[in-house]
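Chemist: Residue numbers (the numbering used here), protein chains in the order written: chain V, 1 to 166; chain H, 167 to 455. Yeah, the Cβ is synthetic: ideal placement off N, Cα and C, and Gly gets one too.
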């Protein structure tokens, strides 16, 4: 009987401690941190977060943490981008310069977006802002090919880092 | 003018101007000296992963602001250097190789954009917050994918070490008479620092320590990605041979020799035991040689 109680207590403690360890609150260590829809660099950004946003770590997969945002959205981020302490954040020119941020819609679509600042810069120089859109589209196309590219090249180091499936 | 002399001329012009694999990062050492009491000089090259984000914080720039500067600089350099290549297959290939080395870098969780620009000059550029351009001239001198990975990884190293942001800060404080406070709007401020950075990238020289710092990172990233890190050495050696044969200024310039020596030591320190991929066949297929 005593052994059974001890076992139950030990298992309970183990489960509890594991739950606490996983459900840890972490903070982005840099601004504009992308939250991806998969634990993979080729994942699509679902949103971005700033250093003051508390993220609840739901689970882990290799170097990747599955996190839950305060609003309820869930996604993946590299563990190296998070820390238990809130980052120092940004300041200074923040109040002086007001530049455009990508919208969630465009981020969710995995598309880059020219900032308001870059668009105004292009207009002042008579540059075609389509250059930026073309650059974004190159990355979008490449992202879809990347897994196969790494695999066929036998780039095992990269495959390991990206947890590439065989 | 023979093709060889033409190549030597553009190569020497680019390298002596300090823009071979030019990146804003080369000036970071100087900026660091000014801003942080020479702290950067006391940090071993290639060991500043923990410093990611420091430059942005020192600048008091948000990542959105830094990205706007990076976008503006990228757009300007592309527009002034023949525009983007219309070869989608080539652009995709460069991006794929770039993504592979980025995945082996501390920026694996952040997007870095790669593209090819139509310039005969042997050169590559990086801009703040993850924008890398490589010229068709540089691609013409590359012989396999490991070499391309090395060149791109060098630029990614500049991005990771946030040298571009350091350049922006110096532009604000020291050069060109740029005073953010004197301008009328945030966009004017952005334009001023972007203009300065473009000018610096295309016309001024970079110091050796920052280039070596990016070289260190290049060896680290390509090795981790599974490429033969000697590809980067081979490319540097090829440039040095061409430069010496041309009798240009670079034939007596110690910079490339020093970089080759250091990068070779890096490979030894990395514990690279061989087996890294060169992928010359794939490179030829994508570049249609």
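Return yes when the Cβ of residue 294 of chain H is within less than 8 Å of the Cβ of residue 330 of chain H, no when it is not.
Modeler: Contact: yes.
Chemist: Does residue 114 of chain V come within less than 8 Å of chain H when only Cβ atoms are used?
Modeler: Cβ-Cβ to chain H under 8 Å: yes for residue 114 of chain V.
Chemist: Taking just the CA atoms, how far does residue 324 of chain H sit from residue 196 of chain H?
Modeler: Only weak support is given to the placement of residue 196 of chain H: the predicted model assigns it a pLDDT of 26, under 50, and the question is left unresolved by the model.
Chemist: So for residue 56 of chain V, helix, strand or coil by DSSP?
Modeler: It is a strand residue.
Chemist: Which partner residues of residue 443 of chain H appear in the DSSP bridge assignment?
Modeler: Answer is H/393.
Chemist: Is it buried or exposed, residue 389 of chain H, if we count other Cβ atoms within 10 angstroms and call 16 or more buried?
Modeler: Per the 10 Å Cβ criterion, buried.
Chemist: Label residue 126 of chain V either buried or exposed according to how many other C-beta atoms from any shown protein chain fall within 10 Å of its C-beta, with 16 as the threshold for buried.
Modeler: The residue in question, residue 126 of chain V, is exposed, as its Cβ has fewer than 16 Cβ neighbours within 10 Å.
Chemist: Any C-beta of chain V within less than 7 Å: which residues of the stretch 309 to 332 of chain H qualify?
Modeler: Under the 7 Å Cβ criterion, the stretch 309 to 332 of chain H contributes no residue.
Chemist: Does residue 361 of chain H come out as helix, strand or coil in the three-state DSSP assignment?
Modeler: The answer is helix: DSSP assigns residue 361 of chain H an H, G or I state.
Chemist: Could you give the residue range of the beta strand (DSSP E) that holds residue 76 of chain V?
Modeler: First-last of the beta strand (DSSP E) with residue 76 of chain V: 74 to 78.
Chemist: Output the distance between the C-alpha atoms of residue 397 of chain H and residue 309 of chain H, rounded to the nearest integer angstrom.
Modeler: Residue 397 of chain H and residue 309 of chain H: Cα-Cα distance of roughly 9 Å.
Chemist: Residues in the stretch 47 to 62 of chain V with C-beta within 7 Å of chain H's C-beta atoms, listed in sequence order?
Modeler: Listed by position along the chain: nothing, the set is empty.
Chemist: Put residue 324 of chain H into one of helix, strand or coil per three-state DSSP.
Modeler: DSSP places residue 324 of chain H in helix when its eight states are reduced to three.
Chemist: Could you tell me whether the stretch 236 to 248 of chain H touches the stretch 362 to 370 of chain H, using the rule of 3 or more Cβ pairs below 8 Å?
Modeler: The stretch 236 to 248 of chain H vs the stretch 362 to 370 of chain H: in contact.
Chemist: Can you list, in chain order, the residues of its chain whose CB lies under 7 Å from that of residue 33 of chain V, leaving out five sequence neighbours each side?
Modeler: Within the same chain, residue 33 of chain V has close Cβ partners 48, 49, 77, 81.
Chemist: Just how far apart, CA to CA, sit residue 451 of chain H and residue 253 of chain H?
Modeler: Going from the Cα of residue 451 of chain H to the Cα of residue 253 of chain H covers about 13 Å.
Chemist: DSSP beta-bridge partners for residue 281 of chain H?
Modeler: Its beta-bridge partners are H/299.
Chemist: Quick check on the DSSP output: the beta strand (DSSP E) that includes residue 113 of chain V runs from which residue to which?
Modeler: Note, residue 113 of chain V: premise wrong, no beta strand (DSSP E); not H, not E.
Chemist: Report the rounded CA-to-CA distance for residue 355 of chain H versus residue 231 of chain H, giving the unit in angstroms.
Modeler: Spanning the two alpha carbons is a distance of roughly 10 Å.
Chemist: For the stretch 419 to 429 of chain H against the stretch 275 to 295 of chain H, do three or more pairs of beta-carbon atoms, one drawn from each stretch, fall closer than 8 Å, so that the two count as touching?
Modeler: Contact fails: fewer than three Cβ-Cβ distances are below 8 Å.
Chemist: Less than 8 Å between the beta carbons of residue 442 of chain H and residue 312 of chain H, yes or no?
Modeler: In this structure, residue 312 of chain H lies closer than 8 Å to residue 442 of chain H by Cβ.
Chemist: Quick check: the Cα distance between residue 314 of chain H and residue 305 of chain H, rounded to an integer number of angstroms?
Modeler: Answer to the nearest angstrom: the Cα atoms are 8 Å apart.
Chemist: Taking the DSSP output, what are the residues bridged to residue 293 of chain H?
Modeler: Residue 293 of chain H is bridged to H/297.
Chemist: Where does residue 218 of chain H land, buried or exposed, given buried means 16+ other C-beta within 10 angstroms?
Modeler: Per-residue confidence for residue 218 of chain H stands at a pLDDT of 35, beneath the threshold of 50, marking its modelled position as unreliable; the derived number appears in the next sentence. Label assigned to residue 218 of chain H: buried.
Chemist: Measure the CB-CB distance between residue 274 of chain H and residue 319 of chain H and report whether it falls below 8 Å.
Modeler: It is not a contact, given that the beta carbons lie outside the stated cut-off.
Chemist: For chain H, find out if any of its Cβ atoms is closer than 8 Å to the Cβ of residue 27 of chain V; answer yes or no.
Modeler: No, its Cβ sits nowhere closer than 8 Å to a Cβ of chain H.
Chemist: What does DSSP give as the partner residue(s) for residue 26 of chain V in the beta ladder?
Modeler: Answer is V/55, bridged to residue 26 of chain V.
Chemist: Tell me the rounded alpha-carbon separation between residue 55 of chain V and residue 276 of chain H.
Modeler: Looking at the two C-alpha atoms, the distance is approximately 18 Å.
Chemist: So, at 7 Å on beta carbons, what are the nonlocal neighbours of residue 263 of chain H in its own chain, with the 5 sequence-adjacent residues on each side left out?
Modeler: Within the same chain, residue 263 of chain H has close Cβ partners 311, 314, 315, 318.
Chemist: Give me the Cα-Cα distance between residue 393 of chain H and residue 299 of chain H, rounded to the nearest whole angstrom.
Modeler: Each residue's alpha carbon lies about 21 Å from the other.
Chemist: From the DSSP output, in three-state form, read off residue 47 of chain V for me.
Modeler: The answer is strand: DSSP assigns residue 47 of chain V an E or B state.
Chemist: At which residues does the beta strand (DSSP E) containing residue 34 of chain V begin and terminate?
Modeler: Taken as a continuous stretch (DSSP letters only), the beta strand (DSSP E) holding residue 34 of chain V covers 33 to 36.
Chemist: Is there a Cβ of chain H sitting closer than 8 Å to that of residue 141 of chain V, yes or no?
Modeler: Yes, contact with chain H.
Chemist: Could you spell out the range, first to last residue, of the alpha helix (DSSP H) harbouring residue 243 of chain H?
Modeler: First-last of the alpha helix (DSSP H) with residue 243 of chain H: 229 to 246.
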